[in-house]
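Quick note, the sequences are listed as chains A and B, same order.
Per the numbering used here, the first sequence starts with residue 1, numbered consecutively.
Per the numbering used here, the second sequence starts with residue 374, numbered consecutively.
Even glycine gets a Cβ: it sits at the ideal position worked out from N, Cα and C.
Source: prediction; values computed, not measured.
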Amino acid sequence: MSKSLKLLLGSALTVSALAAPAMAERLGLGRAALPEEISAWDVAVLPDGQGLRPGSGDVATGEEVFAANCAMCHGEFAEGLDAWPVLAGGDGTLRDMRPVKTIGSYWPHLSTVYDYIHRSMPFGAAQTLSVDETYAITAFLLYSNGLVEEDFVLSDKNFTEIQLPNADGFYPDDRAESEYPLFSAAACMTDCLPEQKITKRAVELNVTPTDPDGKPAGTLPDLHAAAAVAPASGDTKAAEVTPEPAKAEEAKAEPAAPATEAVVAIDPELIEDGEKVFKKCTACHKVGDGAKNGTGPALNNVFGHAAGKADGFKYSKPLLTMAEGGLVWDMDSLDAFLADPKGFMKGTKMSFAGLKKEEDRAAVIAYLSTFSN
Amino acid sequence: MNNDEPETGTSRRGFLRQTALAGAGLVAGTSAARAEGADPLITEVQPWATEFGDPVDAVPYGMPIRFEQHVVRRNVEWLTESPVSSINFTPIHALEGTITPQGCAFERHHSGAIELSKADYRLMINGLVERPLVFTFEDLLRFPRTSVTAFCECAANGGMEWGGAQLEGCQFTQGMIHNMEYVGVPLRVLLEEAGVKPEGKWLYAEGADASSNGRSMPMEKALDDVMLAFYANGEALRKEHGYPARLVVPGWEGNMWVKWVRRLGVYDRAVESREETSKYTDLMPDGRARKWTWVMDAKSVITSPSPQAPIRHGKGPLVITGLAWSGNGKITKVDVSMDGGRNWVEARITGEAKAKALTRFHLDIDWDGSELMLQSRATDETGYVQPTKDALRAIRGRNNVYHNNGIQTWWVRADGEVENVEIA
Numbered sequence: 001m002s003k004s005l006k007l008l009l010g011s012a013l014t015v016s017a018l019a020a021p022a023m024a025e026r027l028g029l030g031r032a033a034l035p036e037e038i039s040a041w042d043v044a045v046l047p048d049g050q051g052l053r054p055g056s057g058d059v060a061t062g063e064e065v066f067a068a069n070c071a072m073c074h075g076e077f078a079e080g081l082d083a084w085p086v087l088a089g090g091d092g093t094l095r096d097m098r099p100v101k102t103i104g105s106y107w108p109h110l111s112t113v114y115d116y117i118h119r120s121m122p123f124g125a126a127q128t129l130s131v132d133e134t135y136a137i138t139a140f141l142l143y144s145n146g147l148v149e150e151d152f153v154l155s156d157k158n159f160t161e162i163q164l165p166n167a168d169g170f171y172p173d174d175r176a177e178s179e180y181p182l183f184s185a186a187a188c189m190t191d192c193l194p195e196q197k198i199t200k201r202a203v204e205l206n207v208t209p210t211d212p213d214g215k216p217a218g219t220l221p222d223l224h225a226a227a228a229v230a231p232a233s234g235d236t237k238a239a240e241v242t243p244e245p246a247k248a249e250e251a252k253a254e255p256a257a258p259a260t261e262a263v264v265a266i267d268p269e270l271i272e273d274g275e276k277v278f279k280k281c282t283a284c285h286k287v288g289d290g291a292k293n294g295t296g297p298a299l300n301n302v303f304g305h306a307a308g309k310a311d312g313f314k315y316s317k318p319l320l321t322m323a324e325g326g327l328v329w330d331m332d333s334l335d336a337f338l339a340d341p342k343g344f345m346k347g348t349k350m351s352f353a354g355l356k357k358e359e360d361r362a363a364v365i366a367y368l369s370t371f372s373n
Numbered sequence: 374m375n376n377d378e379p380e381t382g383t384s385r386r387g388f389l390r391q392t393a394l395a396g397a398g399l400v401a402g403t404s405a406a407r408a409e410g411a412d413p414l415i416t417e418v419q420p421w422a423t424e425f426g427d428p429v430d431a432v433p434y435g436m437p438i439r440f441e442q443h444v445v446r447r448n449v450e451w452l453t454e455s456p457v458s459s460i461n462f463t464p465i466h467a468l469e470g471t472i473t474p475q476g477c478a479f480e481r482h483h484s485g486a487i488e489l490s491k492a493d494y495r496l497m498i499n500g501l502v503e504r505p506l507v508f509t510f511e512d513l514l515r516f517p518r519t520s521v522t523a524f525c526e527c528a529a530n531g532g533m534e535w536g537g538a539q540l541e542g543c544q545f546t547q548g549m550i551h552n553m554e555y556v557g558v559p560l561r562v563l564l565e566e567a568g569v570k571p572e573g574k575w576l577y578a579e580g581a582d583a584s585s586n587g588r589s590m591p592m593e594k595a596l597d598d599v600m601l602a603f604y605a606n607g608e609a610l611r612k613e614h615g616y617p618a619r620l621v622v623p624g625w626e627g628n629m630w631v632k633w634v635r636r637l638g639v640y641d642r643a644v645e646s647r648e649e650t651s652k653y654t655d656l657m658p659d660g661r662a663r664k665w666t667w668v669m670d671a672k673s674v675i676t677s678p679s680p681q682a683p684i685r686h687g688k689g690p691l692v693i694t695g696l697a698w699s700g701n702g703k704i705t706k707v708d709v710s711m712d713g714g715r716n717w718v719e720a721r722i723t724g725e726a727k728a729k730a731l732t733r734f735h736l737d738i739d740w741d742g743s744e745l746m747l748q749s750r751a752t753d754e755t756g757y758v759q760p761t762k763d764a765l766r767a768i769r770g771r772n773n774v775y776h777n778n779g780i781q782t783w784w785v786r787a788d789g790e791v792e793n794v795e796i797a
């Protein structure tokens, strides 16, 4: 082996001018992939039905599974909540100013629907749907799009008979013919256009993230900022002597302060870590001043309080049942819930696989505790 | 004519005076240069000149000095519903040269950046191959390696600008891009190890994360210049860029640069996954859509001055700089216009123009303090000249979000502030 490797590398060296080494023969690295390994990882389903697993699901079951796993983002009728994807409707909108691209109006292949649901959904708990559940949800989505009747059953047997309405709506990249010739004339250098006038200004939309001073976020610091704010007759030299450092120190000193009132004993670093972990939750949950219910309830006053108390939020039945049973969100209950949401609360709408690391749970609970009184 | 003009100066200043004398006016910010008294930063012993700095054991792996803390990735919260399936932007307005440091190179995840160790890493090659194989990370390190410098640009870079000028700053308008030097194994080598069957015309790559973000590419591309990369800019890939292994697909849209690659499937046709049908397809005015629009066409942007990098030094010498790139090859020429595209001058390409990699350009001018409508325009080795946004819209209509490689206009105001505008 080592001898042939040397030979191979030797031959690669002699042709080192090439971008890639020349490989005359195999190195014999790696091992055979086992059938059960291929089965576990190769779950791709192609438009012609390659990769479909035996199974089936009907619209009614699909509606139930969808309601339990998908509706919190996509809506009970696949209409899409907030800015989450709309999955149904949109027929005939592809030429509109605001096209609605759904499975029914845009997607070319049903295989894509199955494949994506099976491998990547629900968001936050991917690969938890069975083959039959995936057939069922796919059937329900066909029904939501008006493409099948309510008694429809989708299976590996009839899968490729279904054609989506926009199957012929795509064509391969034609820029080389339709665009490149138009953009390949020698570039004009002088008197190319009449005088130009401004027609649109981004500032008028006012949608750019800003720094505290109102400038676009990340605007390079003015190295002479201190000089600039000094009176016209001011001592610019003095201002120059204390440029960035002083400001940076102040900025650094500030953020540590907030949030520690509620739970004095908690390590500020843990809270900071918790804020980072909480980013996994922000798709559905808001917390802090002005936090509103979204896909999930707002999480102010959750820690240390009875469960199910967010004003106006439609909790799932299992949560309401547990709340009636006296569930209080304390360290232990939150830890257990966050470790395994569906294990702790069978049937919860919260489509989240859970936080496996104990330290992540501790951090996020610490963070949430700062929004409780 | 102007008492603010320094009396003494280097020969460089002498040169400037020749070209910039006419009404040099208030040269804001050059207070030290025009101070009448001596500069205490020079005449007084400063703390750093007398005390110790940090010892060598203070920082085993360094971060940029705190004065550079604004040079970070930023996201635009309203763009997406969730930050784990979202994008942030490279601070290209604050960077120079062509290599993007990993720590501030934009991220796009479809299900968050996962933590996958080298020990837990496996790569499977299966499908239409003679020998379906599984490799450990250690196995992969025994294949001959190559290196390539390549830009990775999200197909949606500039997408928010398709309908009109929207965001203030090239970080947000052109910052879904980074450029790194990669080291890894050519995909061709790995595919030859497995032995692609003659009917294996397509390669489908998918990631180990929950989104898997699978993408298909023609086998010719996979065998041409695609790499399974382990290192970027001299060190291991960062978690957010696919540690321990990602695809590098030079010149093609960033979505195809699958991170945390776990499987390469060989097929007789494209898988047509969600990421290559529902997304990353380009809706045209007739209601049909282009698919398989993989190549990123020639494009450029002036990174400074720009809305986040205003001119604070007043009139006189001004360095204009920016980036140009093309997925079809090398950049051969970059032109800069100061009057919104009426007249152009050729900028200097600084350093080597590498194919399918970011290319830096500079133009040193004597700014007279008047308003400018700054634009840059790239030409690549195929002769393709970067078009205006309007020229693209004339073909693609208004619903074509991806692949906006149109010319960017910055309106430089007399006070040196810069705005993102559209002109006609």
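Tell me which residues share the same chain as residue i and place their Cβ nearer than 7 Å to its Cβ, disregarding the 5 neighbours each side in the sequence.
i        : result
A:PRO216 : THR208, THR210
B:GLY724 : THR471, ARG733
B:LYS706 : GLU719, THR752
Answer yes or no: does any C-beta atom of chain A fall closer than 8 Å to that of residue i?
i        : result
B:ILE637 : One point to set straight first is that residue 637 of chain B is Leu, not Ile, in the sequence displayed. It does not: the Cβ of B:LEU637 has no partner Cβ on chain A nearer than 8 Å.
B:MET436 : no
B:GLU795 : yes
B:ILE465 : no
B:VAL457 : yes
B:GLU424 : no
B:HIS482 : no
B:HIS551 : no
B:ARG647 : yes
B:MET590 : no
Suppose you measure from the CA of residue i to the CA of residue j; what does that come to, to the nearest Å?
i        : j        : result
A:VAL302 : A:CYS70  : 24 Å
B:LYS652 : B:SER459 : 14 Å
B:LEU656 : B:ARG769 : 8 Å
B:GLU648 : A:VAL113 : 11 Å
B:GLU417 : B:GLU424 : 14 Å
B:ASP597 : B:PRO559 : 9 Å
A:ASP235 : B:GLU409 : Residue placement at A:ASP235 is flagged as unreliable, the pLDDT there being 39, under the threshold of 50; a coordinate-derived value is accordingly withheld.
B:LYS632 : A:ALA44  : 17 Å
B:TYR434 : A:ALA363 : 25 Å
B:GLU792 : A:PHE170 : 37 Å
B:PRO474 : A:SER56  : 49 Å
Considering only residues of the same chain and omitting the five flanking positions on each side of residue i, which have a CB-CB separation below 8 Å?
i        : result
B:LYS762 : GLU534, TRP535, ASN777, GLY779, ILE780, GLU795
B:VAL457 : HIS482, SER484, GLY485
B:GLU744 : TRP784, VAL785, ARG786, ALA787
Just checking my contact of residue i with residue j at CB under 8 Å: how many whole Å lie between their CB atoms?
i        : j        : result
B:ARG481 : B:CYS527 : 6 Å
B:VAL668 : B:TRP625 : 6 Å
A:MET345 : A:PHE352 : The pair is not a contact, with the Cβ atoms about 11 Å apart (cut-off 8 Å).
A:THR102 : A:GLY92  : Not a contact, Cβ separation roughly 12 Å.
A:ASP58  : A:PHE152 : 7 Å
With a threshold of 6 Å on Cβ separation, who are the neighbours of residue i within its own chain once the five nearest residues in sequence on each side are excluded?
i        : result
B:ILE415 : none
B:ILE704 : ALA697, ALA726, THR732, ALA751, ASP753
B:GLU464 : For the sequence presented, residue 464 of chain B should be read as Pro rather than Glu. Result list for B:PRO464: VAL444, CYS477, GLN544, in chain order.
A:GLU244 : Here the model assigns A:GLU244 a pLDDT of 41, short of 50, so the residue's position is not dependable, and the following value carries that caveat. Hits under 6 Å: none found.
B:ASN772 : LEU656
A:ASP311 : none
A:PRO297 : ALA310, PHE313
B:PHE508 : LEU496
Are the C-beta atoms of residue i and some chain B residue less than 8 Å apart?
i        : result
A:ALA291 : no
A:PRO212 : no
A:VAL364 : no
A:CYS70  : no
task = Counting only runs of 3+ residues fully inside the region 102-158 of chain A, write out the beta strand (DSSP E) ranges in chain order.
result = Along the length of the region 102-158 of chain A, whole beta strand (DSSP E) runs at least 3 residues long occupy 153-155, reported in chain order.
ask   = Taking only runs of the alpha helix (DSSP H) that begin and end inside the region 701-783 of chain B, which ones reach a length of at least 4 residues, in chain order?
value = Scanning the region 701-783 of chain B from its first residue to its last, the whole alpha helix (DSSP H) runs of 4-plus residues come out as 762-769.
inquiry  = Quick check on the DSSP output: what are the complete alpha helix (DSSP H) runs of length 4 or more inside the region 171-230 of chain A, in order along the chain?
reply    = Counting only runs that start and end inside the region 171-230 of chain A, the alpha helix (DSSP H) elements of at least 4 residues fall at 175-178, 225-229.
query = Can you give, in chain order, each stretch of the alpha helix (DSSP H) that sits fully within the region 67-104 of chain A and has at least 4 residues?
reply = Those alpha helix (DSSP H) runs which fall completely within the region 67-104 of chain A and span 4+ residues are 71-74.
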